[in-house]
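S.K.: One rule links them: number in our numbering = place in the sequence shown (from 1) + 161. Quick reminder that beta carbons are idealized off the backbone N, C-alpha and C, glycines included. Just so it is clear, the structure is predicted and the values come from calculations on it, not from any experiment. Starting off with a structure, shown below.
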Amino acid sequence: MRLAVLKERRPAETRVAATPETAKKFIGLGCTVAVEAGAGLASGIPDAEYAAAGAEIARDAAAALKGAGIVLKIRAPLAAGEGAVDELSLIPRGALLLGQLQADEAQANAYAKAGIEAGAMELLPRITRAQSMDILSSQANLAGYRAVVEAAAAYDRAFPMLMTAAGTISAANVFVMGAGVAGLQAIATGRRLGGRVSATDVRPAAKEEIKSLGAAFVGYESEESKQAQTAGGYAKQLSAEFYAEQAKVVAAHIAKQDIVVTTALVQGRKAPTLVTAEMVRSMKPGSVIVDIAADAGGNVALTKPGELVTTENGVKILGYHNWPGRIAGASSSLFARNLLTFLTTFWDKEAKAPKLPAEDEIVKGVLLTRGGSVVHPSFAPAKA
Ligand code: NAD
162 MRLAVLKERR PAETRVAATP ETAKKFIGLG CTVAVEAGAG LASGIPDAEY
212 AAAGAEIARD AAAALKGAGI VLKIRAPLAA GEGAVDELSL IPRGALLLGQ
262 LQADEAQANA YAKAGIEAGA MELLPRITRA QSMDILSSQA NLAGYRAVVE
312 AAAAYDRAFP MLMTAAGTIS AANVFVMGAG VAGLQAIATG RRLGGRVSAT
362 DVRPAAKEEI KSLGAAFVGY ESEESKQAQT AGGYAKQLSA EFYAEQAKVV
412 AAHIAKQDIV VTTALVQGRK APTLVTAEMV RSMKPGSVIV DIAADAGGNV
462 ALTKPGELVT TENGVKILGY HNWPGRIAGA SSSLFARNLL TFLTTFWDKE
512 AKAPKLPAED EIVKGVLLTR GGSVVHPSFA PAKA
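Pasting the structure below:
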């Protein structure tokens with residue numbers, strides 16, 4: 162079974178879907194691994210390291226994909242007209258493609274038409290058995306860490322209280338909005354750096370998690386917020402009245418913050434606006450806001466996706482794209498391990514190939530297409 166690893170070509174994408182470590186493990190499973198030349202460079206992995214692990218270095222995408230039965234990607238392959246290389250057309254029929262595909266119906270249909278078995282790893286069910294394959298968690302964790310480190314670098318004062326012979330510098334007030342995977346890591350990182358950390362979320366379970374990390378909970382709670390979590394553990398979309406009450410509590414708190422990190426997402430929707438322009442104007446000059454949700458529309462009204470904005474009152478808003486990609490060495494390593502775990506879980510040792518049982522909960526969650534048809538319940542036409 163030939164496994165191909167492509168160079169990522171989409172803007173701001175610095176990660177790679179396999180590392181020398183995972184390439185070696187795939188070779189141990191009986192695969193031939195082909196890595197497109199330069200695929201790991203933006204993650205700090207030279208071709209020579211893949212070669213030393215036993216991988217073949219292919220000169221381009223076409224050479225890597227020739228005869229491949231498994232294709233590993235971070236983001237969806239480019240289709241015709243999307244870039245210099247039509248990667249999709251180069252993937253052999255029958256190959257299994259894994260990555261964070263974020264496919265819409267048209268893309269799912271395109272995979273089906275191309276005869277590709279496409280697995281969208283971001284759709285993995287959030288169950289205990291799947292935790293070690295969960296790309297959303299591994300990447301959000303690193304994004305949360307990186308956001309705080311970048312906030313500290315952009316802040317022209319210190320995070321910890323510093324008592325020096327020349328006097329004392331007070332600790333930074335750090336407020337984390339959204340305490341899911343990214344937010345909890347942001348809280349832990351803010352605390353490790355010595356900040357005075359508080360956090361908010363709408364899910365009732367998050368309050369205890371915030372407190373268990375030593376941060377103060379700040380938030381609005383109501384009968385509605387008691388039901389704010391879906392069965393899958395995600396936040397629900399709440400009423401306009403709830404958001405208005407939440408904004409009142411948050412507005413008073415934000416005015417006193419030096420650092421705000423926003424991570425709030427509601428599945429399948431634009432990220433909620435939690436920090437209004439007025440709230441930003443209430444902050445002190447030199448304060449820093451990091452909007453990890455920028456790529457999902459942003460939690461801050463003044464965020465410009467992909468940019469650093471300095472407001473008239475001197476507040477910096479970091480709304481960069483792809484926060485995991487800003488710590489590409491670590492995020493590639495975890496993403497690659499997530500894919501390795503997925504494939505080893507469903508590995509047929511005799512056939513030396515993956516075998517994805519259609520009835521398995523994880524496979525059902527991830528698989529978009531099979532045998533030339535769209536099979537995912539989100540897209541497949543209802544059976545008569
Ligand atoms: P996410 O990325 O979808 O959202 C980030 C956070 O934003 C969430 O905590 C959400 O509640 C919060 N949020 C949404 N609207 C908000 C608002 N108006 N104000 C403040 N906060 C708001 O979430 P996630 O990090 O993917 O985690 C979602 C859930 O999944 C959590 O309960 C987490 O513990 C759970 N989880 C389970 C597993 C597993 O069991 N395998 C793995 C990962 C995460």
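(1) Could you name each continuous beta strand (DSSP E) segment of 3 residues or more that falls completely within the stretch 467-514, going from the start of the chain to the end?
(2) In terms of alpha-carbon separation, which member of Asp-221, Glu-174, Ala-173 and Arg-170 lies closest to Ala-195?
(3) Apply the 10 Å Cβ neighbour rule to Lys-516 and answer buried if 16 or more other Cβ atoms are within range, or exposed otherwise.
(4) Roughly how many angstroms lie between the CA atoms of Glu-210 and Leu-202, to the nearest whole one?
(5) Going by Cα to Cα distance, which pick from Pro-321, Glu-197 and Thr-175 is closest to Ala-184?
(6) Can you list, in chain order, the residues of its chain whose CB lies under 6 Å from that of Leu-374, leaving out five sequence neighbours each side?
(7) By the DSSP assignment, the alpha helix (DSSP H) with Ser-298 in it spans what residues?
(8) Can you tell me which of the three DSSP states Val-427 falls into?
(9) Please report the distance separating the alpha-carbon of Ala-314 from that of Ser-492.
(10) What residues in its chain sit with their C-beta under 7 Å from that of Lys-431, if we drop five residues either side in the sequence?
(11) Return the CA-CA distance between Leu-364 and Pro-433, expressed in angstroms with no decimal places.
(12) Based on the DSSP secondary-structure assignment, which residues constitute the bridge partners of Ile-206?
(13) Pick helix, strand or coil for Val-196, following the three-state DSSP scheme.
(14) Can you grab the Cα-Cα spacing for the pair Leu-253 / Glu-511, in whole Å?
(15) Ala-304 and Trp-484: beta carbons closer than 8 Å?
(16) How would you label Arg-290, buried or exposed, when you count the other beta carbons within 10 angstroms and need 16 or more for buried?
(17) Within this structure, are the beta carbons of Glu-278 and Leu-251 separated by less than 8 Å?
(18) Indicate whether the contact test is met: 3 or more Cβ pairs, each with one atom in the stretch 519-528 and one in the stretch 271-286, closer than 8 Å.
(19) How is the alpha helix (DSSP H) around Leu-251 delimited, first residue to last?
(20) Measuring alpha carbon to alpha carbon, tell me which of Ala-340, Ala-312 and Leu-345 ends up nearest Asn-334.
(21) When you measure from the CB of Ile-288 to every non-hydrogen atom of the ligand NAD, does any distance come out below 7 Å?
(22) Starting from Phe-336, trace the alpha helix (DSSP H) in both directions and tell me its first and last residue.
(23) Can you tell me the Cβ-Cβ gap for Asp-419 and Arg-318, rounded? I've got them flagged as a contact below 8 Å.
(24) Output yes or no for whether 8 Å exceeds the beta carbon distance between Leu-500 and Leu-259.
(25) Gly-328 lies in the beta strand (DSSP E); which residues open and close that run?
(26) On the DSSP letters alone, give me the boundaries of the beta strand (DSSP E) that Thr-350 sits inside.
(27) Does the Cβ of Pro-485 lie closer than 7 Å to at least one heavy atom of the ligand NAD?
(28) Taking the beta strand (DSSP E) that Ser-359 falls in, what are its first and last residues?
(29) Mind checking whether the beta-carbon of Gly-341 lies closer than 7 Å to any heavy atom of the ligand NAD?
(30) Is the beta carbon of Arg-498 closer than 8 Å to that of Arg-307?
(31) Please tell me whether, using a cut-off of 7 Å, the distance from the CB of Gln-407 to the nearest non-hydrogen atom of the ligand NAD is below it.
(32) From this set, Ala-332, Met-440, Leu-233 and Gly-189, which residue's C-alpha is nearest Ala-214's C-alpha?
(33) Relative to the ligand NAD, is the shortest distance from any of its heavy atoms to the C-beta of Pro-433 smaller than 7 Å?
(34) How many Å lie between Asp-408 and Ala-229 at the Cα?
(35) Could you check where the alpha helix (DSSP H) with Ile-218 kicks off and where it finishes?
(36) Assuming the contact rule is C-beta atoms closer than 8 Å, Ala-179 and Leu-233 should be a hit. Round their C-beta distance to whole Å, please.
M.R.: Put simply:
(1) 469-471 and 477-479
(2) Asp-221
(3) exposed
(4) Computed Cα separation, rounded: 11 Å.
(5) Glu-197
(6) Ile-348 and Ala-349
(7) 296-315 is the span of the alpha helix (DSSP H), which, as asked, contains Ser-298.
(8) The answer is coil: DSSP assigns Val-427 none of H, G, I, E or B.
(9) 20 Å
(10) Ala-457 and Gly-458
(11) Contrary to the premise, residue 364 reads as Arg rather than Leu in this sequence. Rounded to the nearest angstrom, the two C-alpha atoms are 14 Å apart.
(12) Paired residues: none, contrary to the question.
(13) strand
(14) What sits at residue 253 in the sequence shown is Pro, not Leu. Cα to Cα, Pro-253 sits roughly 23 Å from Glu-511.
(15) yes
(16) Arg-290 is exposed by the Cβ-count criterion.
(17) It is not a contact, given that the beta carbons lie outside the stated cut-off.
(18) yes
(19) Start and end: 248-251.
(20) Ala-312
(21) Under cutoff, so the answer is yes.
(22) Note, Phe-336: premise wrong, no alpha helix (DSSP H); beta strand (DSSP E) at 334-338.
(23) 7 Å
(24) yes
(25) 328-330
(26) Run containing Thr-350: none in the beta strand (DSSP E); it sits in the alpha helix (DSSP H), 342-353.
(27) no
(28) 357-361
(29) yes
(30) no
(31) Gln-407: yes, Cβ under 7 Å from the ligand NAD.
(32) Gly-189
(33) The answer is yes for Pro-433.
(34) Here residue 408 is Ala; the residue named in the question, Asp, does not match the sequence. So the two alpha carbons sit approximately 52 Å from each other.
(35) That residue, Ile-218, is in no alpha helix (DSSP H); its beta strand (DSSP E) goes 217-219.
(36) Taking 8 Å as the upper bound for CB-CB distance, Ala-179 and Leu-233 are in contact here, some 5 Å apart.
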